[in-house]
Structure formats: C-alpha cells, structure tokens
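Chains as they are written, first to last, in my numbering: chain A, 228 to 445; chain B, 29 to 198.
By construction, the Cβ of each residue, glycine as well, lies at the ideal position given by its N, Cα and C atoms.
The structure appears below as structure tokens.
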Amino acid sequence: MSESAEPTGTTEPGTINGAQRTELFAALRADEDTAMARLRGRLAVEAEREGLLDVAYRTLDSPVGTLLLAATGRGVVRVAYPSQDHDAALAQLAEVVGPRVLYAPARLDEVCRQLEQYFAGRRTAFDVPLDLRLSRGFRLAVLTHLSDIGYGRTESYREVAVAAGSPKAVRAVGTACATNPLPLVLPCHRVVRSDGSFGQYAGGAEAKQILLRMEAAA
Amino acid sequence: MGRPFEQIVSEHGPAVLRVCRAVVGPVDAEDAWSETFLAALRAYPELPADANVEAWLVTIAHRKAIDLTRARARRPVAVAEPPEPEAARTGGAADPSGTGDTDELWQALRALPDKQRASVAYHYLGGLPYREIASITGGSEDAARRAAADGIKKLRASYLPARNTEGARR
Numbered sequence: 228m229s230e231s232a233e234p235t236g237t238t239e240p241g242t243i244n245g246a247q248r249t250e251l252f253a254a255l256r257a258d259e260d261t262a263m264a265r266l267r268g269r270l271a272v273e274a275e276r277e278g279l280l281d282v283a284y285r286t287l288d289s290p291v292g293t294l295l296l297a298a299t300g301r302g303v304v305r306v307a308y309p310s311q312d313h314d315a316a317l318a319q320l321a322e323v324v325g326p327r328v329l330y331a332p333a334r335l336d337e338v339c340r341q342l343e344q345y346f347a348g349r350r351t352a353f354d355v356p357l358d359l360r361l362s363r364g365f366r367l368a369v370l371t372h373l374s375d376i377g378y379g380r381t382e383s384y385r386e387v388a389v390a391a392g393s394p395k396a397v398r399a400v401g402t403a404c405a406t407n408p409l410p411l412v413l414p415c416h417r418v419v420r421s422d423g424s425f426g427q428y429a430g431g432a433e434a435k436q437i438l439l440r441m442e443a444a445a
Numbered sequence: 029m030g031r032p033f034e035q036i037v038s039e040h041g042p043a044v045l046r047v048c049r050a051v052v053g054p055v056d057a058e059d060a061w062s063e064t065f066l067a068a069l070r071a072y073p074e075l076p077a078d079a080n081v082e083a084w085l086v087t088i089a090h091r092k093a094i095d096l097t098r099a100r101a102r103r104p105v106a107v108a109e110p111p112e113p114e115a116a117r118t119g120g121a122a123d124p125s126g127t128g129d130t131d132e133l134w135q136a137l138r139a140l141p142d143k144q145r146a147s148v149a150y151h152y153l154g155g156l157p158y159r160e161i162a163s164i165t166g167g168s169e170d171a172a173r174r175a176a177a178d179g180i181k182k183l184r185a186s187y188l189p190a191r192n193t194e195g196a197r198r
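The structure is reproduced here in structure tokens:
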C-alpha cells in the first residue's frame, strides 16, 4: 500500500487534501518567522553553553564583500570571501572539524570587532586565537610566515618562498595563498608579483587592490 | 560525515515547530522545540547518513513533549488558564499576523486524545508515514492511520465551523 505525506484529492471525513490541510492548520504558522529567529538564537546560545558546537559561524559585511567567519573551540578557523562559496566552506568544516556547525555569532564577536577596526583604518594587526588545522606542510609554513609581513608592506611570491624555506617553490607559495583558509587575518593580500603588480587573490583581484590601497593610504 | 547542523535547522525547524505547537500548544511549543533541537545537536554526529531526519526529529520531539506534559502535571499551579482569544490576539504571543486562530485551533487539538493529536501532527505536519508514526507512538500502522483519521474528522467538525462562523462575523 502506498503512503504519501501529501494527501491529495479526497474529502473523506477522516482525510484531507493539501488545500484543506493548509486551511485547517494555518494557525500553526502564525508568527513563524519571528519565532524561528528567536529559537535559532536561543539554540545557538544554549549549544555554546553546553559545549556542543564544533564550529560557530556568522557573516560580516565589509568593503570587500560579505565575509564568512567561522571558529572552533580553539580559535578562528576560516574566513571566506563571497566568491569562495560560503556553503562549500561550511560543508568542508563539517567534514574536517565536525558536523555540529551552527550560526552562532557570539564566538566571533572579537574577530568581528578587530576586522571592523581594520576596515576603519584603526587596526594594523589581528590578535585572536587561530585554528590552523585546515592547512599543513609547506602551505602551513607559508601561512605562518604571512603574519611577519607588516601592515602596508608587501613581499613577492619569491621572497615568501625563501622565507618559508623553499626558495624554488614560488608556484607553491601562490597555491598556499590562494588556499589560505584565513585571508585578511593571515595577510596573503600582501604577497604580490616580483614586478610589483598585485597578482591573484583568494577574494578576487579587486579585493586585493582595495586592501593594498587602503593600507598604503593609512 | 553529516551536513552542517544549521541546514537541518533551516530545513526542518519550521515543520518541527508546527508539530510542537500542535502537540503541546503554543505556550510550551518553543520550550519543546528548543529541547528537541539541543538533544538532536548532541546526538547528530552519530546519526546514520541515510537516516530519515524528519522522523528522527519528530521522535525526539515526541519524547520532549511527554517530558514537558509530565512536568506541567507535577506542578498544576503553573498551568495558567488559556487566555481569552481576543486578549491573546492583541497580546502578541498568539497571532499578531492574524493568519489564523492559534488558540481556537489549540483548544480543538487539545480536546483530542493524545494519540489522535500526535498521529495528526506527525502525519499532516511532520510528513511522516504511518509506519514511522506507529513506531513512535506504539501500536500498529493501521491504528496510527485510524487515530489520524479520527482526529482529523473531529477537528474538521469542531474547529472549522467555529472558525468560519467567526470569519463571517468579522
């Protein structure tokens, strides 16, 4: 016997079709959007308090687009540009860190505050705990070096390769920057071509220009 | 590994809220929903990849509803009289959007035997087949189907006429 969750086309006393169901239960949808917003906020707070979150995330509007920010219990684990597909970034975090991934802004308060200061020209370096588990090997060595490139300065891919211990690995430095899980916080935008042109960027060439010009003007 | 739990909340949260509203009423529904999703979040990493997520959530909601109802019964003083429909409508909690008559529907649902109310909610709001409902509420698949049919019959008789009369009055 076939079973359907969408009963249709019958008006027997004990059954209802889709339209009748909608009419009968319309009152249960009252105020649903605001109730859901309230419930999601409550779930995020309670989940954090109970230590149930593998990953907390939120978004932040910025001069270089809406950023995804995500943190584990260890620290900020991911910053993603709009062009990097936020859903894919969250799916990767569920895979690598754990599936208990929730929109839970509180854990990102501090990095948000610092990013807002940075975009306002009032901050030149970030001071938040980081979780670098999405990178390893040479890419991790490159990322670790990025923090040494100060605000308003740039280095060439070649210079970064030397600093990371593999002078010939210029292309690999490009890959490490392109796959940087923490752009902005780890400033891969300060790595440019040897001829001085900006080159590619995880958030797009335009975002890189905006950031470097902002830092140069400060 | 599972999808981000946030997607589970987005996809199933509203339907589970409707189930909670139908089973425990508008006042307790948000507590039931919160406890359901917190318990689900806790257990989520162990959920098999091919599990029926909606049925899993409704099963948890069913247990939480029973817990809430028992807790209510243990402290009867805390059970307030249901507010007058007009007061509820202007009071904000029930139905500020005016899309339905939350309290009247809840009165009609509350008049049903528990098993009928649960079967109606899990089938028509949770989208569960009667086989799944039977495993949640106990009894046979046919019994769950009969309970839902009887519940719907009573609801249509008790709630819709009152609602239509009032609608015509406005």
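Considering Cα atoms alone, identify which of the options is closest to residue i.
i: A429(A); options: L439(A), L413(A) and N407(A); result: N407(A)
i: V272(A); options: P73(B), P76(B), L66(B) and E74(B); result: L66(B)
i: T351(A); options: G401(A), A445(A), L370(A) and G423(A); result: A445(A)
i: V52(B); options: L140(B), W84(B) and A177(B); result: L140(B)
i: L413(A); options: D375(A), S383(A), R385(A) and A388(A); result: D375(A)
Using a C-beta cutoff of 8 Å, does residue i count as contacting chain B?
i: F252(A); result: yes
i: V304(A); result: no
i: R334(A); result: no
i: G377(A); result: no
i: A283(A); result: no
i: V272(A); result: no
i: L255(A); result: yes
i: T242(A); result: yes
Consider the Cβ of residue i: report whether some Cβ of chain A lies at a distance smaller than 8 Å.
i: G167(B); result: no
i: T127(B); result: Legend: pLDDT at T127(B) = 46, less than 50; position of this residue unreliable, value from coordinates given subsequently. Cβ-Cβ to chain A under 8 Å: yes for T127(B).
i: E34(B); result: yes
i: W84(B); result: no
i: R138(B); result: no
i: A99(B); result: no
Run through DSSP, which three-state label would residue i get?
i: V303(A); result: strand
i: R277(A); result: The sequence as given places Glu at residue 277(A); Arg does not occur at that position. Note: E277(A) maps to coil in three-state DSSP.
i: V328(A); result: strand
i: Y150(B); result: helix
i: S38(B); result: helix
i: L133(B); result: helix
The ligand NAP and residue i: does any heavy atom of the ligand fall closer than 7 Å to the residue's C-beta?
i: L280(A); result: This structure does not include the ligand NAP; it has no bound ligands of any sort.
What residues match up with residue i in a beta bridge as DSSP calls it?
i: L357(A); result: V303(A)
i: S383(A); result: V419(A)
i: T286(A); result: L295(A)
Less than 8 Å between the beta carbons of residue i and residue j, yes or no?
i: T249(A); j: I180(B); result: no
i: F365(A); j: A390(A); result: no
i: A257(A); j: T130(B); result: yes
i: G379(A); j: E442(A); result: yes
i: A298(A); j: L342(A); result: no
i: L266(A); j: E34(B); result: no
i: R46(B); j: L137(B); result: no
i: Y72(B); j: R340(A); result: no
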